[in-house]
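K.L.:
Numbering (our numbering), first residue to last: 5 to 167.
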Amino acid sequence: MKTTLNTLIALTTCIAAGLAQDDAPGPPPERERALEKMESMRVAFMTNELDLNSEESARFWPLYNEYSKKRMELRKDLLLSKRENRREKLSEEESERLVEEQLALQQQELELKKNYYDRFRAILPAQKLARLEPSEKAFNQEVLKRLRERRENRMARPGRMRR
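1) For Leu39, count neighbouring Cβ atoms within 10 angstroms of its own Cβ and tell me buried if that reaches 16, exposed if not.
2) Smallest Cα separation from Met45: which of Glu140, Arg158, Pro33 and Asn157?
3) Do Phe143 and Leu133 have their CB atoms nearer than 7 Å?
4) For Ile252, which residues of its own chain have a beta-carbon under 8 Å away from its beta-carbon, when the five flanking residues on both sides are left out?
5) My output table needs one value for Ala126: the three-state DSSP class, helix, strand or coil.
6) Alpha carbon to alpha carbon, what distance is there between Leu151 and Val47?
7) Alpha carbon to alpha carbon, how far is Asp81 from Leu107? Give it in angstroms, no decimals.
8) Which complete alpha helix (DSSP H) runs does the segment 31 to 69 hold, if anything under 4 residues is left out?
9) Any idea if Asp26 is buried or exposed, counting beta-carbon neighbours within 10 angstroms, 16 or more meaning buried?
10) In or out: Glu113 buried (at least 16 other Cβ within 10 Å) or exposed?
11) So, using beta-carbon positions, are Leu116 and Lys74 closer together than 7 Å?
12) Starting from the C-beta of Tyr120, find all residues in its chain whose C-beta is less than 6 Å away, skip the five residues before and the five after it, and write them out in chain order.
13) So what does DSSP say about Leu78, is it helix, strand or coil?
14) How would you write the range of the alpha helix (DSSP H) that Leu148 sits in, first residue to last?
15) Classify Arg87 as helix, strand or coil using the three-state DSSP reduction.
16) CB-CB under 6 Å to Glu156, same chain, minus the five flanking residues each way: which ones, in chain order?
17) Could you pull out every residue in the same chain whose Cβ sits closer than 7 Å to the Cβ of Leu102, ignoring the five residues on either side in sequence?
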């Protein structure tokens with residue numbers, strides 16, 4: 005669970021960093037279009053991976069988007085807490101408070117996952133639901149792969165200074 009959480013936090017950070025690169029969209033409308041494009045790619049990828057029919061898809065995606073938004077809020081809070089924990093010279097009390105805060109956030113994420121599992125189960129058969137997390141991971145890996153390829157291609161262009 006810890007590695008999954010760290011991987012997803014790292015992925016979110018990488019995606020944000022990738023979108024902020026020089027050749028990434030600059031002005032808000034272009035950035036918004038890029039995010040919408042990535043979202044539509046995620047929906048298409050996961051719909052295919054989960055083999056959702058049109059009825060399942062129509063019921064699943066609004067609920068999944070709600071779940072995803074809540075999960076990202078929890079992960080953002082967890083990331084902020086971990087950053088605060090990296091500060092030097094924390095007192096014993098501050099360190100203990102941060103550890104307890106992180107455990108509470110991880111517990112909240114688990115409760116969220118359990119709650120939404122029950123709600124997803126009303127829409128999808130268990131076999132499809134079992135493929136949900138692996139399909140999320142596969143999509144995230146594909147995004148990271150493409151970001152790395154874009155970065156490498158950008159660095160390999162003639163006349164481009166390497167950093």
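We put the beta carbon where it would ideally sit given N, CA and C, even for glycine.
P.N.:
This is what the structure holds:
1) exposed
2) Glu140
3) no
4) Residue 252 falls outside the range modelled here, since the chain spans only 5 to 167, and no answer is possible.
5) coil
6) 19 Å
7) 12 Å
8) 32 to 54
9) Confidence at Asp26 is low in this model, with a pLDDT of 47, below 50, so the placement of that residue should be treated as unreliable; the coordinate-derived value is given next. Per the 10 Å Cβ criterion, exposed.
10) buried
11) yes
12) Tyr71
13) helix
14) Leu136 to Ala160
15) helix
16) none
17) Ser85, Glu88 and Asn89
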